[in-house]
Structures are given as structure tokens and as C-alpha cells.
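Enquirer: Attaching a single structure in C-alpha cells format; questions to follow.
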Amino acid sequence: MEKQQVVSWSKEGNIATILIKNPPLNVLNVDVIEQLSLVADEIVSDFNIKVVILTGSGTKAFVAGGDIKGFPDWMGKGMEEAKEKSLWLQKPLNKIDRLPQPTIAAINGHALGGGCELALCCDIRIAEEHVQIGLPEIKLGLFPGAGGTQRLPRLIGKSKAKEMIFTGEALTAEKAKQIGLVSHVVPAGKSLEKAKELAKKMCSFSLPSLSYAKRAIDDGCEQSIEKGLVIEAVNFGHVFQTKDVKEGVEAFIQKRKPNFVDQ
15 MEKQQVVSWS
25 KEGNIATILI
35 KNPPLNVLNV
45 DVIEQLSLVA
55 DEIVSDFNIK
65 VVILTGSGTK
75 AFVAGGDIKG
85 FPDWMGKGME
95 EAKEKSLWLQ
105 KPLNKIDRLP
115 QPTIAAINGH
125 ALGGGCELAL
135 CCDIRIAEEH
145 VQIGLPEIKL
155 GLFPGAGGTQ
165 RLPRLIGKSK
175 AKEMIFTGEA
185 LTAEKAKQIG
195 LVSHVVPAGK
205 SLEKAKELAK
215 KMCSFSLPSL
225 SYAKRAIDDG
235 CEQSIEKGLV
245 IEAVNFGHVF
255 QTKDVKEGVE
265 AFIQKRKPNF
275 VDQ
């Protein structure tokens, strides 16, 4: 029996949009995890894509969380078995995190548990005003295992991340913005529109400069400032070998708009 397509992607110009469509709540079940991994592979192989948007179908949930009904099968099988399940959950999210293009999460509904962890993989998060976002796993006697304990403190700091994880309480979109968990709060139904607005602005720039900047930030921010500055310098060196830096500088000197070729 052919599996139902629950993750798809489409391309509009240089913008790819990943859509999770697993009604009613877009839960991260086996099919979503496996198909998300395949979609990430397809996108990373398409060199015409400059920005990636990730969103969910419907209005109730961006992604409501993991497939809790499947958790009993993971219990009592030994530590290694549960560890492998965690690594399996992390794999497609890591692929999204490591995409060379800027990524934007258009959070159009609740992002809880695995949904919050998926949003954390993106570079920028846009939440609609009705959204609740959080990591409620502690209420089930467990804790986030798809990257939440690592990505959340790196984004908002250890203390705030620990409070969110230890209490399991979800935040409103506005509160999430106040602590830096999301960048923008927009009216209901407007997250994808805002994401495309940002994506189109980014698409006017050179893909190598976007990618090297992303790499410098991601590889350097958890290092010491000395090591981070070297990482920045290395990526700065790479970008100065591109055709686009030559075009950008010449266009500035000649007082014209640059014509980047993404090389």
C-alpha cells in the first residue's frame, strides 16, 4: 500500500515552501519524519533555491507535537533503543538546520513538543498571534528528545529554556517574541505572507553571501570569541572568491543595481 504524502514542497522563483499536511494536527509521525528527511535532501540538491519556508496546513497547528500513541512501543526496550529513537527524530530536523539557505518557519498554529523543536531548526520564526509554542514533554514524564534541550537554550539562554522545559508551559506568540523565541508576530493567517515578504528580500541578494554568513554565525556562535572570529574570517575569505562579490562592489562603485548570479 502506497504511503500517503504528508510532507510536500513547492518552488516559487527561488523560494521553496515545505508543507506538512498530516491532519488534524500535523503530528510528527513516522511518515512525516521520513518524508521530511527526503524533502530536505531534495531541496539541498536544488541549487536554484535561495530561501526555504516551512509551514503546516490548516489553522489549528503548525505541528502539534510527536506521535505520542507510538511512545509505548519505545518503553522498556533498553537505553540504546530509546537513544536510537531520539537520533531518528533528530535526523530530519538536523537536515533542516543544516540547509545552506536561510530558513523561515511560518508558524500558523500551535507549535508544541516536536513542533517547537522543528521551528527551532529554522533561522527565523514568524508566529501568528493566536499561536501557543512550548515543550510540554515533562508533563508526560519525559523531556524533549528531538533537539529541544540543545537548540532552545542556545536561542533564548539556559535559564529561560530550563523554565520552559521544567514547567512544560506553553508561551503565547507575544511572550515568545519578548524572549527572542520568535522574530515576528502577525495576525492570524498572515505568517506565510510575512515569510514570503522576508524571503523575497533575501532572494535579491547573493546566495553565496547568504550561505557563508549563515555558516559563520552557526559555526562560530558557540565557540569562544577568538575561535568565532577566525571562523568568520575563513568564511569572509570564501565569499571574496565569488563572482558576486566582484559584481556587488562594482555595482556600488558604478552606482547601479547589482546583478548577482549566485556564484
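Under the working numbering, the residue at position 102 of the sequence shown is numbered 116, and the numbers go up by one with no gaps.
Cβ atoms here follow ideal geometry from the backbone N, Cα and C, with glycine treated the same way.
Going by CA-CA distance only, name the one from 164, 221, 248 that's closest to residue 258.
Expert: By one-based count along the sequence shown, residue 258 stands at place 244. The shortest Cα separation from residue 258 among 164, 221, 248 belongs to 221.
Enquirer: Just confirm the distance between the C-beta atoms of residue 169 and residue 185, as a whole number of angstroms; I'd bet it's less than 8 Å.
Expert: Translated into positions along the sequence shown, residue 169 becomes position 155. Translated into positions along the sequence shown, residue 185 becomes position 171. At roughly 13 Å, the Cβ-Cβ gap does not stay under 8 Å, so residue 169 and residue 185 are not in contact.
Enquirer: In its own chain, which residues sit with a C-beta less than 6 Å from the C-beta of residue 165, not counting the 5 before and 5 after it?
Expert: Here residue 165 refers to the residue found at position 151 of the sequence shown. Contacts found: 134.
Enquirer: Can the beta-carbon of residue 10 be found less than 7 Å from the beta-carbon of residue 76?
Expert: Outside the shown range of the chain, which is 15 to 277, sits residue 10, and nothing can be said about it.
Enquirer: Does the distance from the CB of residue 147 to the CB of residue 119 come in under 7 Å?
Expert: Your numbering for residue 147 matches position 133 in the sequence shown. Your numbering for residue 119 matches position 105 in the sequence shown. Taking the C-beta atoms as reference points, residue 119 is found no nearer than 7 Å to residue 147.
Enquirer: Taking only three categories from DSSP, how would you classify residue 236?
Expert: Sequence index remark: in the sequence shown, residue 236 carries index 222 (1-based). Coil.
Enquirer: Exposed or buried, which one is residue 208 when buried takes at least 16 other CB atoms within 10 Å?
Expert: Taking the first residue of the sequence shown as 1, we reach residue 208 at position 194. Residue 208 is buried by the Cβ-count criterion.
Enquirer: How big is the Cα-Cα spacing for residue 143 and residue 267?
Expert: What you label residue 143 is simply residue 129 of the sequence shown in a count that begins at 1. What you label residue 267 is simply residue 253 of the sequence shown in a count that begins at 1. Spanning the two alpha carbons is a distance of roughly 43 Å.
Enquirer: Would you check if the distance between the CB atom of residue 218 and the CB atom of residue 138 is smaller than 7 Å?
Expert: Along the sequence shown, one-based indexing puts residue 218 at 204. Along the sequence shown, one-based indexing puts residue 138 at 124. Not a contact, by the Cβ cut-off of 7 Å.
Enquirer: Taking just the CA atoms, how far does residue 152 sit from residue 83?
Expert: Looking up residue 83 in the sequence shown gives position 69. Looking up residue 152 in the sequence shown gives position 138. Taking the straight line joining both Cα atoms gives about 16 Å.
Enquirer: Closest to residue 108 by C-alpha separation, out of 229, 213, 160, would be which residue?
Expert: Counting from one through the sequence shown, the residue named residue 108 turns up at place 94. Here the closest residue by C-alpha is 160.
Enquirer: Select from 174, 111, 199 the residue whose C-alpha is nearest the C-alpha of residue 225.
Expert: On the sequence shown, residue 225 is found 211 positions in, with the first residue counted as 1. Considering only alpha carbons, the answer is 111.
Enquirer: Taking all protein chains shown into account, decide if residue 115 is buried (16 or more other Cβ within 10 angstroms of its Cβ) or exposed.
Expert: Against the sequence shown, residue 115 aligns to sequence position 101. By the 10 Å Cβ count, residue 115 comes out buried.
Enquirer: What's the call for residue 136, buried or exposed, on a 16-neighbour Cβ count within 10 Å?
Expert: Along the sequence shown, one-based indexing puts residue 136 at 122. That one is buried.
Enquirer: Kindly provide the ranges of any alpha helix (DSSP H) runs that are 4 or more residues long and lie completely inside the stretch 106-138, ordered along the chain.
Expert: Fully contained in the stretch 106-138 are the following alpha helix (DSSP H) runs of length 4 or more, in chain order: 128-134.
Enquirer: Does DSSP put residue 20 in a helix, in a strand, or in coil?
Expert: By 1-based counting over the sequence shown, the position of residue 20 is 6. If DSSP states are grouped into helix, strand and coil, residue 20 belongs with coil.
Enquirer: Answer with buried or exposed for residue 274, where buried requires no fewer than 16 other C-beta atoms within 10 angstroms of its C-beta.
Expert: Locating residue 274 in the sequence shown gives position 260, counting from the first residue. Buried.
Enquirer: From residue 223 to residue 91, what distance separates their C-alpha atoms?
Expert: Sequence index remark: in the sequence shown, residue 223 carries index 209 (1-based). Sequence index remark: in the sequence shown, residue 91 carries index 77 (1-based). Their Cα atoms are separated by approximately 47 Å.
Enquirer: What is the DSSP secondary structure of residue 69, counted as helix, strand or coil?
Expert: By one-based count along the sequence shown, residue 69 stands at place 55. Three-state result, residue 69: strand.
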